[in-house]
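Taking it in order: structure first as structure tokens, then the write-up.
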Ligand code: ATR
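Numbering (the working numbering), first residue to last: 335 to 616.
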């Protein structure tokens, strides 16, 4: 769709940013809802992040997404941090407020919970133990979201145990750090297993984990979406577990940003998934 001189402009700030699927996904919604707006990739090196974000209101942007490697640095640059972003310690989305100030938010955890609730009976995890593999930025936003959803204890398992211990101390709450070697045993009575590591991603080694102890009603999610069905998801599906893939989190985390910038709560549909998957070459 062509845009007018009044078009609302948003974008995604990253370095590099050319791999990002966000322009494709927001572009789909802008077209679909016939909105006078645009969403563009903004390649900004770390040294220029402060200047670039400060320029957003001056250039008339309504906001932006923030991606790797800027999510933590953006926290210190925005004028106001919303409580979720503060707890997660990272910003993935900025709204330019009426007065030209920048509000930093984080919608990754929201996207995760929404993606699970679209594909599974999410209530099975309330008050129940859950298991998270990995201790990077993605794990952090997922843990905070799961705590807000009131799951039971969180078993956090990472190859580098110290990193998991540090994260557990920083986030607080009921988190048990379990060693990588004990990952199979940790699945007993766990109602959710999430892989947030890079294992299983195209070009990376596969995630080796024995699922025998995992209850059959436990939800299994992999935040990897290339390939869409990782070996973990294939194995879980084969034994009868409900599974959700990583594309859902990417699509759902984008909704609050689009709604704030373009005044329309967009829908995640099969057509959108197909559009983004085609772009991703998956
Ligand atoms: P993000 O911030 O995107 O979640 P990250 O910080 O790069 O990603 O973290 C990647 C995760 O994959 C980490 O938990 C990492 O474990 P370490 O903290 O020990 O590095 C995990 N990971 C990567 N390669 C791994 C491997 N070969 N075996 C086990 N875990 C691995």
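Cβ atoms here follow ideal geometry from the backbone N, Cα and C, with glycine treated the same way.
Next on the checklist: Mapping the DSSP letters down to three states, classify residue 431 as helix, strand or coil.
Outcome noted: Residue mapping note: residue 431 aligns to position 97 of the chain shown, counting from 1. In the structure shown, residue 431 sits in coil (DSSP, three-state: anything other than H, G, I, E or B).
Checklist entry - How close, in whole Å, do the beta carbons of residue 279 and residue 409 come, if the pair is a contact with beta carbons under 8 angstroms? => result No statement about residue 279 is possible, as the shown extent of the chain runs from 335 to 616 and does not include it.
Next on the checklist: Which same chain residues end up closer than 7 angstroms to residue 538 when comparing Cβ atoms and leaving out the 5 residues on each side of it in sequence?
Outcome noted: As a working note, residue 538 is residue 204 in the chain shown. Around residue 538: 532.
Checklist entry - Would you call residue 593 buried or exposed, if buried means 16 or more other Cβ atoms sit within 10 Å of its Cβ? => result Working through the chain shown from its first residue, we reach residue 593 at position 259. With fewer than 16 Cβ atoms within 10 Å of its Cβ, residue 593 is classed as exposed.
Checklist entry - At which residues does the beta strand (DSSP E) containing residue 372 begin and terminate? => result The count along the chain shown starts at 1 and reaches residue 372 at position 38. Where residue 372 is concerned, the enclosing beta strand (DSSP E) stretches over 371-377.
Checklist entry - Cβ atoms of residue 548 and residue 567: under 8 angstroms apart, would you say? => result The residue labelled residue 567 in the question sits at position 233 within the chain shown. The residue labelled residue 548 in the question sits at position 214 within the chain shown. No. Outside cutoff.
Next on the checklist: Shorter than 7 angstroms, the distance from the beta carbon of residue 440 to the closest heavy atom of the ligand ATR, or not?
Outcome noted: The sequence position of residue 440 within the chain shown is 106, counting from 1. Residue 440 Cβ: outside cutoff for every heavy atom of the ligand ATR.
Checklist entry - Just how far apart, CA to CA, sit residue 490 and residue 452? => result As a position in the chain shown, residue 490 is number 156, starting the count at 1. As a position in the chain shown, residue 452 is number 118, starting the count at 1. So the alpha carbons of these two residues sit roughly 24 angstroms apart.
Next on the checklist: Just checking residue 471 against the ligand ATR - is the residue's beta carbon closer than 7 angstroms to any of the ligand's heavy atoms?
Outcome noted: Locating residue 471 in the chain shown gives position 137, counting from the first residue. Yes.
Checklist entry - Within 10 angstroms of its Cβ, does residue 516 collect 16 or more other Cβ (buried), or is it exposed? => result Residue mapping note: residue 516 aligns to position 182 of the chain shown, counting from 1. Exposed: under 16 other Cβ atoms inside 10 Å.
Checklist entry - From this set, 560, 346, 494, which residue's C-alpha is nearest residue 402's C-alpha? => result Here residue 402 refers to the residue found at position 68 when the chain shown is read from its first residue. Comparing Cα-Cα distances from residue 402 to each of 560, 346, 494, the minimum goes to 346.
Item to check | Rounded straight-line distance, which links the Cα of residue 426 to that of residue 390 | outcome: Here residue 390 refers to the residue found at position 56 of the chain shown. Here residue 426 refers to the residue found at position 92 of the chain shown. Spanning the two alpha carbons is a distance of roughly 15 angstroms.
Checklist entry - Going by DSSP, which residues form a beta bridge with residue 398? => result What you label residue 398 is simply residue 64 of the chain shown in a count that begins at 1. Answer is 345, 428.
Next on the checklist: Given the structure, does residue 532 come close to the ligand ATR, in the sense that its CB is under 7 angstroms from one of the ligand's heavy atoms?
Outcome noted: Taking the first residue of the chain shown as 1, we reach residue 532 at position 198. Flag set: Cβ of residue 532 near the ligand ATR.
Next on the checklist: On the DSSP letters alone, give me the boundaries of the beta strand (DSSP E) that residue 565 sits inside.
Outcome noted: Counting from 1 along the chain shown, the entry for residue 565 is found at position 231. Note, residue 565: premise wrong, no beta strand (DSSP E); alpha helix (DSSP H) at 565-573.
Next on the checklist: Which of the three DSSP states is assigned to residue 337 in this structure?
Outcome noted: In the chain shown, the residue the question calls residue 337 occupies position 3. Three-state result, residue 337: coil.
Next on the checklist: By alpha-carbon positions, which one of 454, 413, 598, 602 ends up nearest to residue 574?
Outcome noted: As a first step, residue 574 must be located in the chain shown, where it is residue number 240. Out of 454, 413, 598, 602, 454 has the C-alpha closest to the C-alpha of residue 574.
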